[in-house]
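Student:
There are 2 protein chains.
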Amino acid sequence: MRITLIGFGNLGRGFSRTLVQKSDFLRRKHGLVPRVVAVVDEFGAVVDEKGLNLQALLKKTELPGAKKGKLALSTIADVDADVVLELTPTNIETGEPGLSHIKAAMKAGRHVITSNKGPLVVAFQELTSLAKKQGVEFRYSASVGGAVPVIELARKQLAGNEVMEIQGVLNGTTNYLLTRMGEEGAPFDMVLREAQELGVAEKDPTLDIGGIDTACKITILANAILGVNAKLKDVRCVGITRIGPDAIRLAKEAGQTIKLVGVARRGLLSVAPRLVPLDHPLAVGGTLNAVTFKLDLAREISIAGFGAGPKETSSSILGDLIDLHRTLGC
Amino acid sequence: MRITLIGFGNLGRGFSRTLVQKSDFLRRKHGLVPRVVAVVDEFGAVVDEKGLNLQALLKKTELPGAKKGKLALSTIADVDADVVLELTPTNIETGEPGLSHIKAAMKAGRHVITSNKGPLVVAFQELTSLAKKQGVEFRYSASVGGAVPVIELARKQLAGNEVMEIQGVLNGTTNYLLTRMGEEGAPFDMVLREAQELGVAEKDPTLDIGGIDTACKITILANAILGVNAKLKDVRCVGITRIGPDAIRLAKEAGQTIKLVGVARRGLLSVAPRLVPLDHPLAVGGTLNAVTFKLDLAREISIAGFGAGPKETSSSILGDLIDLHRTLGC
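Chains as they are written, first to last, in our numbering: chain R, 46 to 375; chain W, 46 to 375.
See below:
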């Protein structure tokens, strides 16, 4: 399988490391021999149609021997690859540069796997229509839930069910903050500072604590699983900045906990702090993510795991890659 | 897709009801038109190669117009079907009658879907080898976890991971008993009687409370996911009969709960009551089942849902059926 990799930052490098470490496993267990024929980052591109030496690339902070310039679009179009992996950073306003990368790949007849929320939030219908028109596969397991294969679980194993509702704890940072407030009885500002020092929260945590990141994921899940045409602006969104340790303590005394929960059902998309019973599968601690599907046959299926981290997210990207290999035989 | 259905008890009828109710959904969403050409129970068989009227069959307590006699094996062999659904009751000593049904189906070149733990516990390797030799598909999602698609999740979406360990709360009855003891502070015998009155526990609850049912499921998971050749006797098994409400209360004070947990890793298969942190995804209440996979990339992925019930279990059987339809195009 010939792969063009777009994005060689934290995730692109993490995934490359996984490919190197697991090459024996992938060949032995799945008959999959991934060959990365091009790597592009924002500064340049390296190409070797016989397959790049990822181990050597990973030792350098810049792509060694790279042609300089913004070469993503021409590399996607010109280098013969079965699959384009789009792993650039997310921009939820424009979807760029991922959106242009994905369109270029599809127009060149290449299958696409992405971890990038931006293009999916901005142009879900456009991209899925384009993939259909071009007869290419389009997978984005890693865009929601990190390592937690929410979308493909719903589409494959739960395919016999009508999905009535999706509820999700989809942001590890806010879940960490709420968990710490519950454990320590410490106020929001204090646990936020602690999380920022630990690198669990970003310097500007607005997208996380304001619920916007969760709203993006709910938008993607609604489109991908419920089949609606939802936009980010359709999500009613309340963050966690007004939650204090007292509220969490009171909830606990009633056998509940407070989680930032995104909800998607036909006619309602929302993100807000909600009470969750302590023994419900959504009541996961720390940075975990969890999703509960309400279903006509299975009633409730919940899945939980780590929603971030380059190695963890590689699990979902690799799951998509193996699935394409099985489906297409390339 | 032509289907022979073996077993027309609680589950066989529940699944038939699901097929009737969801025929539009299956055609519209998945292009799947299931046609049940034979139904066999322990008393007889009905066959119609054009497709039986399931709705009519469901109205009767006995199969109307059935040929009498033990006709399962000849029906499996003689009636032209793509898939045999084996949904007879479990016998974990002999695997019968399911074991003979499954072998007959494979030898006749038919794909097999089963919910039956017995044949898998008794003859996992033999059946998977026979399926391979005969070039047929063999699916058994519903045999472990009811509605919770434990096996296929590990094989498909988590396929890029090495599974280091599987931990499971796999028996709804024991989980219900432990949950009730925790809530009520009531002793084991009392919550057991209550559960028996509600139909959550069987009159003879030995297989559940002794941990044997969980041990069967751990055996299947070890074979299916870890690829070992495990037998039921390899599982070290301790049940929950010695757990009292005091132990659960003490655990709770330490932020933990007690669950009957099955564990499978290379070199260790066990079932025993274990402490689980209250905010861990295995700490699910009531009759829920939950499984946690320890993985090299994703670290931990957990999935939870209802482990029993004919409608819930139909979700897994239908998931297998849709997967065969996609894979084989029949």
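Idealized CB from N, CA, C, for every residue including glycine.
#1: For residue 58 (chain R), count the other beta carbons within 10 Å of its own beta carbon; 16 or more makes it buried, fewer makes it exposed. Which is it?
#2: Buried or exposed: residue 109 (chain R), going by 16 or more other Cβ atoms within 10 Å of its Cβ?
#3: Could you tell me which chain W residues have their CB closer than 7 Å to the CB of residue 328 (chain R), listed as they occur along the chain?
#4: At 4 residues or longer, what runs of the alpha helix (DSSP H) sit wholly inside the region 253-281 of chain R?
#5: Considering only their Cβ atoms, is the gap separating residue 207 (chain R) from residue 340 (chain R) smaller than 8 Å?
#6: Consider the Cβ of residue 201 (chain R): report whether some Cβ of chain W lies at a distance smaller than 8 Å.
#7: Taking the straight line between their C-alpha atoms, what separation do you get for residue 194 (chain W) and residue 262 (chain W)?
#8: Which residues mark the beginning and the end of the alpha helix (DSSP H) in which residue 176 (chain R) is found?
#9: What residues from the region 244-274 of chain R come within 7 Å of chain W, judged by C-beta to C-beta, listed N to C?
#10: By the three-class DSSP mapping on this structure, what secondary structure does residue 60 (chain W) have?
#11: Can you give me the Cβ contacts of residue 46 (chain R) inside the same chain, cut-off strictly under 8 Å, excluding the 5 residues immediately before and after it?
#12: Grouping DSSP H, G and I as helix and E and B as strand, with all else coil, what is residue 311 (chain R)?
#13: Whose Cβ in chain R lies nearer than 8 Å to the Cβ of residue 313 (chain W)?
#14: In three-state DSSP terms, what is residue 302 (chain W)?
#15: Counting only Cβ-Cβ distances shorter than 7 Å, please list the residues of the region 74-91 of chain R near chain W, keeping chain order.
#16: For a contact defined as C-beta to C-beta under 9 Å, what are the partners of residue 344 (chain R) on chain W?
#17: Using the three-state DSSP reduction, which class does residue 325 (chain W) fall into: helix, strand or coil?
#18: If the cut is a Cβ gap below 7 Å, which residues of chain R does residue 367 (chain W) touch?
#19: Using a C-beta cutoff of 8 Å, does residue 60 (chain W) count as contacting chain R?
#20: Less than 8 Å between CB atoms is the rule here; does residue 347 (chain R) satisfy it with respect to chain W?
#21: With DSSP run on the structure shown, which of helix, strand or coil describes residue 50 (chain W)?
#22: In this structure, does DSSP put residue 66 (chain W) in helix, strand or coil?
#23: Do residue 214 (chain R) and residue 265 (chain R) have their CB atoms nearer than 8 Å?
#24: Can you check DSSP and say which residues form a bridge with residue 130 (chain W)?
#25: Taking 8 Å as the CB-CB limit, is residue 219 (chain W) close to chain R?
#26: To the nearest angstrom, how far is the alpha carbon of residue 288 (chain W) from that of residue 246 (chain W)?
#27: Give the interface partners of residue 70 (chain W) over in chain R, defined as CB-CB distance under 8 Å, in chain order.
#28: Buried or exposed, going by whether 16 or more other CB atoms sit within 10 Å of the CB of residue 229 (chain W)?
#29: Out of curiosity, what's the CA-to-CA distance linking residue 273 (chain W) and residue 121 (chain R)?
#30: Hey, residue 180 (chain W) and residue 159 (chain W) are a contact pair by Cβ (cut 8 Å); roughly how many whole angstroms apart?
#31: Should residue 123 (chain W) be labelled buried (16 or more other beta-carbon atoms within 10 Å of its own) or exposed?
#32: In the structure shown, what three-state DSSP assignment does residue 72 (chain R) receive?
#33: The beta strand (DSSP E) spanning residue 334 (chain W) covers which residue range?
#34: In angstroms with no decimal places, state the Cα-to-Cα distance between residue 314 (chain R) and residue 267 (chain R).
Tutor: Well, looking at it:
#1: Counting from one through the first sequence, the residue named residue 58 (chain R) turns up at place 13. So residue 58 (chain R) ends up on the buried side.
#2: Here residue 109 (chain R) refers to the residue found at position 64 of the first sequence. Exposed, because fewer than 16 other Cβ atoms sit within 10 Å of the Cβ of residue 109 (chain R).
#3: For the purposes of this step, residue 328 (chain R) is taken as residue 283 along the first sequence, with counting starting at 1. Here the neighbours are 324.
#4: Listed in chain order, the complete alpha helix (DSSP H) runs (minimum 4 residues) inside the region 253-281 of chain R are 257-266.
#5: As a first step, residue 340 (chain R) must be located in the first sequence, where it is residue number 295. As a first step, residue 207 (chain R) must be located in the first sequence, where it is residue number 162. Yes, these two residues count as a Cβ contact at 8 Å.
#6: The sequence position of residue 201 (chain R) within the first sequence is 156, counting from 1. It does; some Cβ of chain W falls within 8 Å.
#7: Counting from 1 along the second sequence, the entry for residue 194 (chain W) is found at position 149. Counting from 1 along the second sequence, the entry for residue 262 (chain W) is found at position 217. Straight-line Cα distance between these residues: approximately 13 Å.
#8: Locating residue 176 (chain R) in the first sequence gives position 131, counting from the first residue. Going by DSSP, residue 176 (chain R) is part of the alpha helix (DSSP H) stretching over 162-179.
#9: Against chain W - using a Cβ distance shorter than 7 Å - the region 244-274 of chain R contributes no residues.
#10: Reading the second sequence from its first residue, position 15 is the one you call residue 60 (chain W). Of the three classes helix, strand and coil, the one that applies to residue 60 (chain W) here is helix, per DSSP.
#11: Locating residue 46 (chain R) in the first sequence gives position 1, counting from the first residue. So the list reads 77, 78, 79, 80, 127, 128, 366, 369, 370, 375, once near-sequence residues are dropped.
#12: Numbered from its first residue, the first sequence carries residue 311 (chain R) at position 266. Residue state, collapsed to three classes: coil.
#13: On the second sequence, residue 313 (chain W) is found 268 positions in, with the first residue counted as 1. Those do not exist, as residue 313 (chain W) stays about 22 Å from chain R at its closest Cβ, beyond 8 Å.
#14: Here residue 302 (chain W) refers to the residue found at position 257 when the second sequence is read from its first residue. Residue 302 (chain W) falls in the strand class under three-state DSSP.
#15: 75
#16: Locating residue 344 (chain R) in the first sequence gives position 299, counting from the first residue. The answer, in chain order, is 192, 350, 351, 354, 356, 357, 360.
#17: Counted from its first residue, the second sequence places residue 325 (chain W) at position 280. For residue 325 (chain W), the secondary structure class from DSSP, reduced to helix, strand or coil, is coil.
#18: As a first step, residue 367 (chain W) is located in the second sequence; it is residue number 322 there, counting from the start. By Cβ distance, chain R contributes 204, 205.
#19: Taking the second sequence and counting its residues from 1, one reaches residue 60 (chain W) at position 15. By the rule that beta-carbons nearer than 8 Å mark a contact, residue 60 (chain W) does not touch chain R.
#20: As a first step, residue 347 (chain R) must be located in the first sequence, where it is residue number 302. So, interface residue.
#21: Residue mapping note: residue 50 (chain W) aligns to position 5 of the second sequence, counting from 1. The answer is strand: DSSP assigns residue 50 (chain W) an E or B state.
#22: As a working mapping, residue 66 (chain W) is identified with position 21 in the second sequence. Helix, per DSSP.
#23: Here residue 214 (chain R) corresponds to residue number 169 of the first sequence, with the count starting at 1. Here residue 265 (chain R) corresponds to residue number 220 of the first sequence, with the count starting at 1. In this structure, residue 265 (chain R) does not lie closer than 8 Å to residue 214 (chain R) by Cβ.
#24: If you number the second sequence from 1, residue 130 (chain W) lands on position 85. BP columns for residue 130 (chain W) point to W:50, W:158.
#25: Here residue 219 (chain W) refers to the residue found at position 174 when the second sequence is read from its first residue. Residue 219 (chain W) does not count as touching chain R.
#26: Along the second sequence, one-based indexing puts residue 288 (chain W) at 243. Along the second sequence, one-based indexing puts residue 246 (chain W) at 201. Looking at the two C-alpha atoms, the distance is approximately 17 Å.
#27: Translated into positions along the second sequence, residue 70 (chain W) becomes position 25. In chain order: 207.
#28: By one-based count along the second sequence, residue 229 (chain W) stands at place 184. It counts as exposed.
#29: As a working mapping, residue 273 (chain W) is identified with position 228 in the second sequence. As a working mapping, residue 121 (chain R) is identified with position 76 in the first sequence. One C-alpha to the other measures close to 43 Å.
#30: In the second sequence, the residue the question calls residue 180 (chain W) occupies position 135. In the second sequence, the residue the question calls residue 159 (chain W) occupies position 114. Not quite, the Cβ-Cβ distance comes to about 18 Å (not below 8 Å), so this is no contact.
#31: As a first step, residue 123 (chain W) must be located in the second sequence, where it is residue number 78. By the 10 Å Cβ count, residue 123 (chain W) comes out exposed.
#32: Here residue 72 (chain R) refers to the residue found at position 27 of the first sequence. Helix.
#33: Your numbering for residue 334 (chain W) matches position 289 in the second sequence. Residue 334 (chain W) -> beta strand (DSSP E) spans 333-340.
#34: As a working mapping, residue 314 (chain R) is identified with position 269 in the first sequence. As a working mapping, residue 267 (chain R) is identified with position 222 in the first sequence. Distance between the alpha carbons of residue 314 (chain R) and residue 267 (chain R) is about 8 Å.
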